[in-house]
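Engineer:
2 protein chains.
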Amino acid sequence: MTSPLLQLQKKLRKNEWFLVPRTDAFQGEYVAPQDERLAWVSGFKGSAGVALIRYNQAFLFVDGRYILQAKEETDPKEWRIIPIVRQSLENFLKENLREKQILSLNPWLHTLHEYLRLKSLAKEKGAALNLQTSDPIEALWQDRPYAVLSPAVPHCLIFSGKSSGSKREQIFQQLQQKVDAILFTDCHSIAWLLNIRGQDTPHTPIIHSYAVLHQDQSVDLFVDLRKITPQIKDYLGQSVRFHPLENTIAFLNTLYQKQIMVDPHLAPLALVKALEEKGTKLVLQKDPSMILRIVKNAVEVIGAVSAHIRDGVALTRFLCWLANHPSLESLTEIKAADRLEAFRSEGTHFRGLSFSTISAVGSHGAIVHYHPLPETDRPLQQQTLYLFDSGAQYLDGTTDVTRTIAFGTPTPEQRHHFTLVLKGHIALARARFPYGTTGGQLDVLARQYLWQEGLDYAHGTGHGVGSYLSVHEGPQRISGNGFQQKLLPGMILSNEPGYYKEDAYGIRIESLVLVRECRSLGRWLEFSTLTLAPIDRCLVESSLLTLEERNWLNTYHQRVYDVLASWLNEENRRWLASATLPITT
Amino acid sequence: MTSPLLQLQKKLRKNEWFLVPRTDAFQGEYVAPQDERLAWVSGFKGSAGVALIRYNQAFLFVDGRYILQAKEETDPKEWRIIPIVRQSLENFLKENLREKQILSLNPWLHTLHEYLRLKSLAKEKGAALNLQTSDPIEALWQDRPYAVLSPAVPHCLIFSGKSSGSKREQIFQQLQQKVDAILFTDCHSIAWLLNIRGQDTPHTPIIHSYAVLHQDQSVDLFVDLRKITPQIKDYLGQSVRFHPLENTIAFLNTLYQKQIMVDPHLAPLALVKALEEKGTKLVLQKDPSMILRIVKNAVEVIGAVSAHIRDGVALTRFLCWLANHPSLESLTEIKAADRLEAFRSEGTHFRGLSFSTISAVGSHGAIVHYHPLPETDRPLQQQTLYLFDSGAQYLDGTTDVTRTIAFGTPTPEQRHHFTLVLKGHIALARARFPYGTTGGQLDVLARQYLWQEGLDYAHGTGHGVGSYLSVHEGPQRISGNGFQQKLLPGMILSNEPGYYKEDAYGIRIESLVLVRECRSLGRWLEFSTLTLAPIDRCLVESSLLTLEERNWLNTYHQRVYDVLASWLNEENRRWLASATLPITT
């Protein structure tokens, strides 16, 4: 049988380069099976990457996380894997694109911003950019999965905390420039704006859709109409008009001569072109709902707090179950992950996992994005570290937590490394900072003790987290290059330093934190740790902790116990009591 | 007599806005007296600001440091002072510039980058930009000082460490793009490139000049020819051709059809226009000598180390002189500063101060940019803090140091604040970090202990420092927004956290640090503190220091004593021995 790549290559002209990104037409992190074009053509299933294909060559650009995986999942006779740290797609094109060649792309899969960069690059090389009217992959993909049809559902006021009407009002109030309408293309923004949710992608409860918000605060929503039930129609009311998704362009064509706000980093080129061609005046600006969405309101904050109590109960039951398990060896990474999911699923408002669980024994823990598969699944062992990174979607909040525990007696080196990571975690958790501070400024607090010994971790310290939305929310983040977004009260981020010793073990301590005003210092900010789960005391080398650090840890553990105890049965409560005992010198 | 402003306003058309920046035609920090246009028209003598003048109105835009000073130095009937934090010049123009109005500027005083921003702003408002062919201020300024004529002098290889020839070669080697020539307009770059120095501005030993470096590595230098002695001509050799400064444009006009590299953030518009009009192909790029200049070579590093020994001797003699002075009250801020300068001037290779000394008693220390003037000069008092921030230009290096000392017994609050500042200073001094780290990431290390108590300082933590060049060198810096430039071995920066209690006292501890590879950790970076001067032990609250911090301070003091002792007389040595005694718990 001819491979998908060969089929595609037959369709290409001799002078044509064809781009296959991993994204879909909505630019989200998670992609539905029917939109996994890159996986279809290459076999590569990672969450980020882009292929560049000629009639006789094929290149796959991936980041550091995915080099090994890409090599394993693709056919080495067909594909050359290029780590972007060595050469980015842009630099590759600069070197290899020739005069009179054609760079082809599907205008639904690239944003205006990406397009403009590629265009100027092509122009520089005397090449042409070709926007495909139909994607050849769609014609070739025989066994393409059908889209799952799950209905849009209301996200009620008791969880969202603010009506869609007042959100729409607020958006126009805070605009610095008058526009006739705003085109939203980010499904997270639309879910937030209309207080609706769905199941169109794994792990993130969004509905694939576009929306136009007009000055009169009415909305035109473009969506597969089979997902719109009478209930949701009734819930959204008369101010929302429904259109089939495929009518989006025809509708945008009717907006000529109006001023339309569009986010050039989010909007697919196909939609922007549709507006431009009809003489619409584009106002290119960041999605104006973004800042309102990432700053959680009081109801969302309370929701996060209570979701974390239920999550903490599940985590405690899981940890206790492991600690008291009669035969650890009979368990595997997958069995453990499934058990944790089962404990979580008993919690009120549980709606699924917020990402696929990392459950990693020993050296698997050193592979930062390891997910156990049947072929890699490993039994839990008596003398090793076990790292699990997992989270859930609850109607009232999204969780994400990592704990690393020792089976048997940890080595002094493991305790030493664990304690350096813990000191960084505490430094960030305890940090106080003025308004205007970015996560880029705070990142080093979590790294300083590792750095002092020449150690580091090759990932950011923290990412934003949504409210029953994406577990990876931007642009707020804590990382060495996170300087675009100031931290504001109401934002939720992760605090997750780690250390990874290749082929040996991985350590990560992750809790979610809420940015809030300091109680004692007035207009000054601090983090409040939302996650409630014990940190393995037997991995802590107490002599490395300062008095303040020890106090933080003991106070945190006391709070974990106080909050969770009444939700636990006798066995779990007794186990938690001992797991949260104060550490002394 | 009519004020300069009124004279100027008479020359303006009714629909004209006239811009007077503080910069000269070379965009440096220090401006020669004959180029102090802003001070002439407004009276304001601060180091940063811009005036916007109409026939009946005048606005002066200044940053936070200069609001009070601007109000004091200008006539309130004539000028309205606008803090840029409240409204930037650009936002002001956006609000106030009207259709058909004219925004006039002197094309020598604005860079291409500034011009392009102003142009698009004017276009947006339907206004016109007018590039003056002759600056009205030059016609009106009757008692304009003559330029001081000091000769260009060689900066010999024993100090510069690299010949001009090999610098020129290196510049072309590292260019990513082929060009026919490079236009240098930054006098620091030209001084570095040709290994020459001068005295055209206070504090920074540059020569006002422009230079064109050709592919054959010859140079056309544009400069007041009276500064070019036979000796310097001989030193520079035949590869450097000399032209009068006023011939620059005529010369650039001859470069038509060539590819010329220009830095849009540095080059005066007048020069860029001259190139553009004749059809030269401009390659807009960062000054390619910049990174080579800010990364000091081995000879410059050794020079910095030895300059800091002489500086440390002067500082020790000064501190000992103060400590043993029979009647402190008879001294004043200015007298103390003069004495310090006298001690410094006895050091080999001394060539003057690198900036005007801050010598601040009590509450004056809380004014971050305070310089004593005869009318503010204050006697040294028995019960107070004294902050002095000073530096020198030596042929082999530039210094910048701040120490804060207590006269009499400091209060517990003063000791507490001093120790928080010291903890930050030590955290930065001890930091280790991987390649790729920016100063923006490290800044918080110096602030974290102050932040923990809701305290902060309203300035950056560190700035770059040149090698017998500017004491404020960029773009390397340590500050909350310093993410543009990675730290590289050989860079010199300041480490200067502080705390300022308004109307009471100021605390700052500043040493220069060199970025270098860690000895023990391989490809990992750390700072080495260059400055050698004791930190006042009686201000240290030792119970707030960790063991590591105490060790750092004691080791630093031991090194200060070991390095300086043999250069000191018996009295000074004995004083230094007691000032550098180890601190115990």
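If you read the protein sequences in the order shown, they are chains A and B.
When you number the first sequence by the numbering used here, it's gap-free, plus one each residue, and the end is 594.
When you number the second sequence by the numbering used here, it's gap-free, plus one each residue, and the end is 594.
The beta carbon of each residue, even a glycine, is placed where N, CA and C say it ideally should be.
#1: If the criterion is Cβ atoms closer than 8 Å, does the pair B/LYS495 and B/THR447 meet it?
#2: Would the segment 532-541 of chain A and the segment 489-507 of chain A be scored as touching if the rule is three or more Cβ pairs under 8 Å?
#3: Taking C-alpha atoms, which residue in B/ALA440, B/GLY473 and B/ASP452 lies nearest to A/TRP460?
#4: Using the Cα positions of B/TYR477 and B/PRO214, report the straight-line distance between them to the nearest angstrom.
#5: Considering only C-alpha positions, which residue in the set B/VAL157, B/LYS171 and B/ALA156 is nearest to B/PRO163?
#6: Can you list the alpha helix (DSSP H) stretches of 4 or more residues lying completely in the segment 330-417 of chain A, in chain order?
#7: By DSSP's criteria, A/TRP26 is part of a beta bridge. Which residues make up the other side?
#8: Kindly give me the distance between the Cβ atoms of B/ASP296 and B/ASP272, rounded to whole angstroms, as I take these residues to be in contact under 8 Å.
#9: Restricting to Cα atoms, I'd like to know which of A/VAL40, A/THR418 and A/HIS380 is closest to A/PRO154.
#10: If you measure from the beta carbon of B/PRO498 to each beta carbon in chain A, is any gap under 8 Å?
#11: Determine contact between the segment 272-285 of chain A and the segment 104-122 of chain A, defined as no fewer than three beta-carbon pairs at a distance below 8 Å.
#12: For A/ILE62, which beta-bridge partners are listed by DSSP?
#13: Would you check whether the ligand GTP has a heavy atom nearer than 7 Å to the C-beta of A/ARG235?
#14: Give every residue of the same chain whose Cβ lies closer than 7 Å to the Cβ of A/HIS434, excluding the five residues on either side of it in the sequence, and list them in chain order.
#15: Buried or exposed: which applies to A/TYR466, given that a residue is buried once 16 or more other Cβ atoms fall within 10 Å of its Cβ?
#16: To the nearest angstrom, how far is it from the Cα of A/LEU102 to the Cα of B/LYS290?
#17: Taking the continuous beta strand (DSSP E) assigned at B/TYR508, which residues delimit it?
#18: For A/THR357, count the other beta carbons within 10 Å of its own beta carbon; 16 or more makes it buried, fewer makes it exposed. Which is it?
#19: Considering Cα atoms alone, identify which of A/LEU203, A/ILE191 and A/ASP209 is closest to A/LEU158.
#20: For A/LEU454, which residues in chain B fall below 7 Å Cβ to Cβ?
#21: Just checking: is the beta-carbon of B/THR564 within a distance shorter than 8 Å of some beta-carbon in chain A?
#22: Kindly list, in the order they appear in chain A, the residues whose Cβ is closer than 7 Å to that of B/ASP465.
#23: Are the C-beta atoms of A/GLN461 and some chain B residue less than 8 Å apart?
#24: To the nearest angstrom, how far is the alpha carbon of A/TYR244 from that of B/VAL377?
#25: For B/VAL410, collect the residues of the same chain with a Cβ closer than 8 Å to its Cβ; drop the 5 residues on either side in sequence, then sort them by chain order.
#26: Which residues in chain B have a C-beta closer than 7 Å to the C-beta of A/THR555? List them in chain order.
#27: Does the count of Cβ pairs from the segment 87-102 of chain A and the segment 49-69 of chain A closer than 8 Å reach three?
#28: Select from the segment 468-497 of chain B all residues with a C-beta closer than 8 Å to any C-beta belonging to chain A, and list them in chain order.
#29: Out of A/GLU355, A/ARG353 and A/LEU396, state which residue places its alpha-carbon closest to the alpha-carbon of A/GLY371.
#30: Is the segment 137-151 of chain B touching the segment 176-183 of chain B in the sense that three or more CB pairs, one from each, lie closer than 8 Å?
#31: Would you give the residue range spanned by the beta strand (DSSP E) that A/MET270 belongs to?
#32: So, is the C-beta of B/GLY601 closer than 8 Å to a C-beta in chain A?
#33: Given A/TRP561, which residues of its chain have a CB within under 6 Å of its CB, disregarding the five upstream and five downstream residues?
#34: Since A/ARG22 and A/ILE111 are thought to touch, with beta carbons under 8 Å apart, how far apart are those beta carbons, to the nearest angstrom?
#35: Beta carbons nearer than 8 Å to chain B: which residues of the segment 524-548 of chain A have them?
#36: What whole-angstrom Cβ distance do A/TYR403 and A/ARG360 have, given they're in contact under 8 Å?
Structural biologist: Well, looking at it:
#1: yes
#2: yes
#3: B/ALA440
#4: Going by the C-alpha atoms only, they are around 7 Å apart.
#5: B/LYS171
#6: 342-354
#7: A/LEU112
#8: 4 Å between Cβ atoms; contact.
#9: A/VAL40
#10: no
#11: Cβ pair count under 8 Å is three or more, so yes.
#12: A/PHE27 and A/ALA67
#13: Annotation note on the ligand GTP: not contained in the displayed structure, which lists no ligands.
#14: ALA455, ASN504, PRO506 and ILE518
#15: buried
#16: 24 Å
#17: 507-510
#18: exposed
#19: A/ASP209
#20: VAL453 and GLN457
#21: no
#22: PRO443
#23: yes
#24: If you take the alpha carbons of A/TYR244 and B/VAL377, they lie about 59 Å apart.
#25: ASP320, LEU324, ASP398, SER399, GLY400, GLU519, SER520, LEU521, THR540 and ALA542
#26: Against A/THR555, the close residues of chain B are THR555, in the order they occur along the chain (beta-carbon pairs closer than 7 Å).
#27: The answer is yes - the segment 49-69 of chain A touches the segment 87-102 of chain A, with three or more Cβ pairs under 8 Å.
#28: GLY489, ASN490 and PHE492
#29: A/LEU396
#30: Because the criterion of three Cβ pairs below 8 Å is not met, the segment 176-183 of chain B and the segment 137-151 of chain B do not touch.
#31: Note, A/MET270: beta strand (DSSP E), 268-271.
#32: With chain B covering 10 to 594 only, the question about residue 601 of chain B has no answer from this structure.
#33: ILE435 and ARG439
#34: 7 Å
#35: CYS527, SER529, LEU530, GLY531 and TRP533
#36: 6 Å
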